[in-house]
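So the structure is just underneath, and the comments pick up after that.
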Amino acid sequence: MADPIHQFKIESLLPLGQVGGAHLDFTNSGFYMLLSVGITAALMLGATASRRIVPSRIQSVAELAYEFVADTIRNTIGEGGMQFFPLVFSLFMFILVSNVVGLVPYQFTVMSHIIVTAALALLVFFTVIIYGFWKNGLHFLNLFVPKGIPIYMLPLIVFIEVLSFLSRPISHSVRLFANMLAGHITLFVFASFVTMLGGLGVLGWFGATLPLALTVALVGLELLVAFLQAYVFTILTCIYLNDALHPGH
Amino acid sequence: MARGLRLSTELVAGVLVGAGIGWALDRWLGISPWGLIVFLLLGFAAGVLNVVRAAGVPPGDT
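If you're matching them up, the sequences are chains A and B in order.
Quick note on the numbering used here: the first sequence kicks off at 1 and runs consecutively.
Quick note on the numbering used here: the second sequence kicks off at 1001 and runs consecutively.
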């Protein structure tokens, strides 16, 4: 049986040189990131090229995406959160498009590498810290002091709140990464059952219909997961940004 | 399953961060194993707090 992990292998497409002993390469991962950005940009530019009152099909896709992210921000942060719309919308579209591109057979899934999701989660994490201190000054530290706690409990609670805050980028990134990795491994394993059973002769062909049906169903499920995980990442980003704007709970 | 995975990562993240900080403090201050013990427990508490928040339990009900 072929190796189900092989699909996540990073390969160098274009060596760019060395910096301090570390190789800099344009990899397949980088290529698919650029591809996702390109598709998103093409979608948005194509949609807004001929603005009409009655939208064309591609324009209504773009409007739907805009409304969806804008509603998410308004519901979790409020109207003041719309200043973060470019960041949140970019994150959502990048994750969604790269997940869907990864579902096409033989294509690489960018979000199946934890370093990519961790970089995105840390971007949000540092945005929250820097913007929180810039906007609220030291009042941002109120985030770690819940109201209505007896004074003798405070040192313990503050420690726990700080640890809880520090653990955010981990759960934020692991969730997206684990879902994409597990989904693609499952798909590969079931799809390889089809070829294994199919090689056994006529009886195997009948047996192979079962994993084939499952693979078809799994592709549908993975499409849902690709969208859902992009949405979960977005809504968590909004919840964390909400803390930066309103640190007093 | 998505919900279960979400809640379990919240708990594990809290424990991991606590253990990481405790281990680093042990190495840095040479107080092994006390940093790990204290921060692992604090990290566990933070993980539980994360799960309670992620599960959407209203603040008055805990």
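Cβ atoms here follow ideal geometry from the backbone N, Cα and C, with glycine treated the same way.
Chain-ordered chain A contacts of residue i [CB-CB under 8 Å]
i       : result
B/V1017 : L163, L166, S167, I170
Amino acids of chain B, ordered along the chain, whose beta-carbon sits closer than 7 Å to that of residue i
i      : result
A/I160 : L1042, A1045, A1046, L1049
Environment of residue i [buried if 16+ CB atoms lie within 10 Å]
i       : result
A/N75   : exposed
A/S36   : buried
A/R168  : buried
B/A1013 : buried
A/F94   : buried
A/S12   : exposed
A/Q18   : exposed
B/R1003 : exposed
A/H139  : exposed
A/H184  : buried
B/F1039 : buried
A/M111  : buried
A/S98   : buried
Chain A contact residues for residue i, given Cβ-Cβ distances below 7 Å
i       : result
B/G1014 : L163, S164, S167
Proximal chain A residues relative to residue i, where beta-carbon distance stays under 9 Å
i       : result
B/R1066 : Residue 1066 of chain B cannot be examined here, being either before or after the span of chain B that is shown, 1001 to 1062.
Presumed contact (8 Å Cβ cut-off) between residue i and residue j, rounded CB distance
i       : j       : result
B/G1022 : B/G1035 : 4 Å
A/I279  : A/N179  : Residue coverage of chain A in this structure runs from 1 to 249, which leaves residue 279 of chain A outside it and unanswerable.
A/I160  : B/A1046 : 5 Å
B/V1051 : B/L1007 : 5 Å
A/A70   : A/F85   : 7 Å
A/L43   : A/I58   : 7 Å
> Which whole runs of the alpha helix (DSSP H) in the region 18 to 100 of chain A are 4 residues long or more, in chain order?
Replying inline: 28 to 49, 57 to 76
>> Residues of the region 174 to 189 of chain A in Cβ contact with chain B at a cutoff of 9 Å, in chain order, please.
In response: V174, R175, A178, N179, A182
> Got a sec: which bits of the region 1024 to 1037 of chain B sit with their beta carbon under 7 Å from any beta carbon on chain A, in order along the chain?
Replying inline: none
> Which runs of the alpha helix (DSSP H) fall wholly inside the region 133 to 197 of chain A and span at least 4 residues, in chain order?
Replying inline: As far as the region 133 to 197 of chain A is concerned, its whole alpha helix (DSSP H) runs of at least 4 residues are 154 to 166.
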